[in-house]
Amino acid sequence: MAHKDNPEFLSASTIKGDKVINTAGEDLGKIEELMLDLRDGRIAYAVLSFDGFLGLGNKLFAIPWSALSLRVHEHAFVLDIPKEVLEKAEGFDKDNWPVTNREWLSSMYSYYGYQPYWQTEMLENRPGNI
0 MAHKDNPEFL
10 SASTIKGDKV
20 INTAGEDLGK
30 IEELMLDLRD
40 GRIAYAVLSF
50 DGFLGLGNKL
60 FAIPWSALSL
70 RVHEHAFVLD
80 IPKEVLEKAE
90 GFDKDNWPVT
100 NREWLSSMYS
110 YYGYQPYWQT
120 EMLENRPGNI
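Just so you know, we're using numbering that gives the first Met the number 0 here: the sequence shown kicks off at 0 and counts up by one.
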């Protein structure tokens with residue numbers, strides 16, 4: 000059972016525009032968009048703007064949804080990715096979004112050190128897993 004302070008469900012519109020902080024509590028930017036995997040019915044990734052944090056300028060960045068965790072009382076999402084990784088991340092322009100497919104998603108997830116959600120689900124659904 001979910002605790003009342005940790006919601007299990009939120010509307011996408013309440014998340015868009017939420018601030019993103021790092022584990023040290025520093026303001027990184029905000030969630031600009033959520034990209035849905037219509038085939039699997041999941042959030043594939045979040046699109047973040049870092050508002051000039053680390054000199055990243057006005058570019059947008061695709062971040063695995065699993066890299067973000069909600070801090071309800073701060074009305075913020077925590078991004079647990081080292082600064083060095085963010086500094087070298089490949090962003091994109093708001094008018095030139097990447098072509099999203101499983102190959103691109105796998106590469107993006109791998110860059111940030113996360114396993115793609117569809118691979119995680121395959122492992123969890125293997126016979127013998129409890």
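Each residue gets a CB set at the ideal place from its N, CA and C atoms; glycine is no exception.
- Distance from the CA atom of G28 to the CA atom of S48, rounded to whole angstroms, is 6 angstroms.
- Residue pairing from DSSP places P63 in a beta bridge opposite Y44.
- Counting along the chain, the unbroken alpha helix (DSSP H) around K82 starts and ends at 82 to 86.
- S12 sits in a helix when the DSSP states are folded into three classes.
- Bounds of any beta strand (DSSP E) do not take in L104; it lies within the alpha helix (DSSP H) bounded by 101 to 110.
- For the pair of segments examined, the region 99 to 111 was found to touch the region 33 to 45: the number of CB pairs separated by less than 8 angstroms reaches three.
- Between N95 and P6, the alpha-carbon positions lie close to 34 angstroms from each other.
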